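Below is one structure, written out as structure tokens, with a few remarks after it.
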Amino acid sequence: MTEPSPGLTSGAVARRLGVAPTTLRSWDRRYGIGPAAHQSGRHRRWSPGDIAVLQEMCRLTASGVPPAEAARAARAGAVPAAPAAGEAPARPADHGPALGDVRRELRGLGRAAVRLDSAAMDELLDSAIARHGLVTAWEEVLAPALHAVGRKWETSEDRYVEVEHLLSWHVSTALRRVGSTGRAEPPGAGTRPVLLACVPHEQHTLPLEALAAGLAELGVPTLMFGAAVPPEALDQAVRRTGPAAVALWAQARSTADHPLARHVADTSWGVRGARSRTAVLLAGPGWAGRTPGPGMLRPTGLREALSLLRGLCVAARDGEGDATASRGS
Numbered sequence: 004m005t006e007p008s009p010g011l012t013s014g015a016v017a018r019r020l021g022v023a024p025t026t027l028r029s030w031d032r033r034y035g036i037g038p039a040a041h042q043s044g045r046h047r048r049w050s051p052g053d054i055a056v057l058q059e060m061c062r063l064t065a066s067g068v069p070p071a072e073a074a075r076a077a078r079a080g081a082v083p084a085a086p087a088a089g090e091a092p093a094r095p096a097d098h099g100p101a102l103g104d105v106r107r108e109l110r111g112l113g114r115a116a117v118r119l120d121s122a123a124m125d126e127l128l129d130s131a132i133a134r135h136g137l138v139t140a141w142e143e144v145l146a147p148a149l150h151a152v153g154r155k156w157e158t159s160e161d162r163y164v165e166v167e168h169l170l171s172w173h174v175s176t177a178l179r180r181v182g183s184t185g186r187a188e189p190p191g192a193g194t195r196p197v198l199l200a201c202v203p204h205e206q207h208t209l210p211l212e213a214l215a216a217g218l219a220e221l222g223v224p225t226l227m228f229g230a231a232v233p234p235e236a237l238d239q240a241v242r243r244t245g246p247a248a249v250a251l252w253a254q255a256r257s258t259a260d261h262p263l264a265r266h267v268a269d270t271s272w273g274v275r276g277a278r279s280r281t282a283v284l285l286a287g288p289g290w291a292g293r294t295p296g297p298g299m300l301r302p303t304g305l306r307e308a309l310s311l312l313r314g315l316c317v318a319a320r321d322g323e324g325d326a327t328a329s330r331g332s
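To convert, note that position 153 of the sequence shown is 156 in my numbering; the numbers rise steadily by one, no gaps.
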């Protein structure tokens with residue numbers, strides 16, 4: 004005789020559906036959306052039928068149905084028929100290695116964003132970063148979720164703007180949490196930071212925030228100047244700080260400012276006879292289509308950008324000069 008499936012824990016169900024465990028407890032307490040069977044003193048376990056009800060509840064609330072009404076509809080029609088006698092019960096969808104599939108985490112994060120479920124978004128973002136590491140989490144979960152929400156907004160006549168704004172805020176907050184636990188020392192005597200800035204007219208800062216978080220994990224000091232930095236301000240920041248490198252982000256070709264990048268790469272500082280220059284990373288899809296000039300590098304993604312910047316900082320720290328020193332010889 005086949006043993007009945009033990010079902011899934013609340014944590015596993017929450018990760019699968021993109022719902023905070025506190026949301027599950029609230030739905031159970033308020034609307035009766037909980038495990039059909041619960042043994043006292045044991046962890047709650049969700050059967051395939053229980054999960055089907057939850058899935059319908061999530062679908063309805065995400066479409067704007069009030070929770071109480073969604074719960075009544077979900078309980079009335081979403082529970083599948085029980086397996087026939089002797090038939091093996093349905094196998095949980097996230098059984099085995101598939102539980103850690105980043106695609107499932109991506110879908111869960113998207114559902115949580117559409118529901119405006121802040122607690123679930125925080126939990127899913129922190130879980131993805133802890134499980135996969137910052138680079139993989141950014142490339143496979145965070146950035147795709149942001150792109151998907153952006154596409155949904157663009158194709159829905161300006162609906163879901165609030166979803167994009169809320170998700171962006173929570174992604175930014177999660178990245179700053181990573182940065183705050185990194186081992187980077189503040190820029191000071193003997194250290195040359197990496198300067199991070201968006202080109203003028205560029206408002207997309209999240210990729211730069213991911214870069215800052217990754218550099219913090221590597222122990223590399225940074226100075227984040229954020230969105231739409233005016234050329235004059237960028238020039239002064241470079242001259243005042245003498246950075247090991249400057250990363251300029253451009254999301255679109257319409258914002259990529261090649262003359263500005265050339266100016267930064269040509270900027271020098273220091274006493275006569277010992278002038279220094281900095282390498283410039285052309286970060287973002289806006290720079291595509293042109294061959295980088297002398298003193299410029301164009302990484303293909305976050306992982307390569309982190310590797311290049313770390314190498315430049317090590318060279319500066321060890322007195323080997325920067326990547327552009329040989330240009331003037």
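Where a beta carbon is used, it is the ideal one built from N, C-alpha and C, also for glycine.
The structure displayed is predicted, hence computed values, not measured ones.
Per-residue burial, residue i [other beta carbons within 10 Å of its own, 16 or more giving buried]
i	result
A192	Unreliable positioning characterises A192 in this predicted model, as indicated by a pLDDT of 46, which lies under 50. The coordinate reading is nonetheless provided below. Its Cβ having fewer than 16 others within 10 Å, A192 is exposed.
P288	exposed
G99	Bear in mind that the predicted position of G99 carries a pLDDT of just 29, short of 50, making it unreliable; the figure below should be weighed with that in mind. Exposed, since its Cβ has fewer than 16 Cβ neighbours within 10 Å.
E108	buried
W290	buried
A85	Note that A85 scores a pLDDT of 35, beneath 50, so its modelled location is shaky and nothing firm can be said.
P69	exposed
R118	buried
S50	buried
A255	exposed
A225	This sequence places Thr at residue 225; Ala is not what is there. So T225 counts as buried.
E205	buried
Whole-number beta carbon distance between residue j and residue i, since they are thought to touch under 8 Å
i	j	result
L149	L170	6 Å
L198	A240	6 Å
A71	G52	Going by Cβ atoms, the distance from A71 to G52 rounds to 21 Å, so no, they are not a contact pair.
M124	A133	Rounded, the Cβ-Cβ distance is 15 Å, inconsistent with contact.
H135	V105	7 Å
L214	A250	6 Å
G113	V164	In fact, because the Cβ distance is near 16 Å, the residues do not count as touching under 8 Å.
T26	A177	Actually they are not in contact, since the Cβ atoms of T26 and A177 sit about 18 Å apart, beyond 8 Å.
L211	L309	Incorrect: roughly 12 Å between the Cβ atoms, too far for contact.
L221	V267	Their Cβ separation, rounded to whole angstroms, is 23 Å, which puts L221 and V267 out of contact at 8 Å.
Residue from the options whose Cα sits closest to the Cα of residue i
i	options	result
L315	L128, L11, A282	A282
R265	A231, Q254, G292, L300	L300
R280	W290, R180, G298, D120	G298
A131	T194, V223, A140	A140
V181	S310, D129, V267	D129
R318	D120, V223, L263, T208	Checking the sequence, you will find Ala at residue 318 rather than Arg. When each option's Cα is compared against that of A318, the closest is V223.
L284	S257, P302, L211	P302
E142	L312, R313, R306, L311	R306
A74	R48, R32, G111	R32
A77	R48, L309, W30	W30
Y34	A219, R48, L57, T12	L57
G296	S310, L263, L312	L263
R313	T12, R195, A55, E167	R195
Residue-level contact to chain B via CB, residue i, 8 Å cutoff
i	result
M299	Protein chains in the displayed structure number just one, and chain B is not present.
Would you check if there are 3 or more beta carbon pairs closer than 8 Å linking the segment 52-63 to the segment 17-35?
-> yes
If you pair each beta-carbon of the segment 262-273 with each one of the segment 239-247, do three or more pairs fall below 8 Å?
-> yes
For the segment 220-233 against the segment 194-211, are there 3 or more C-beta pairs whose distance is under 8 Å?
-> yes
Curious, which full-length alpha helix (DSSP H) runs of at least 4 residues does the segment 238-303 contain?
-> 261-269
Where in the segment 164-218 do unbroken runs of the beta strand (DSSP E), each at least 3 residues long, occur, reported from the N-terminal end onward?
-> 197-201
What are the uninterrupted segments assigned as alpha helix (DSSP H) that are 4 or more residues long and contained completely in the segment 20-60, given in chain order?
-> 24-34
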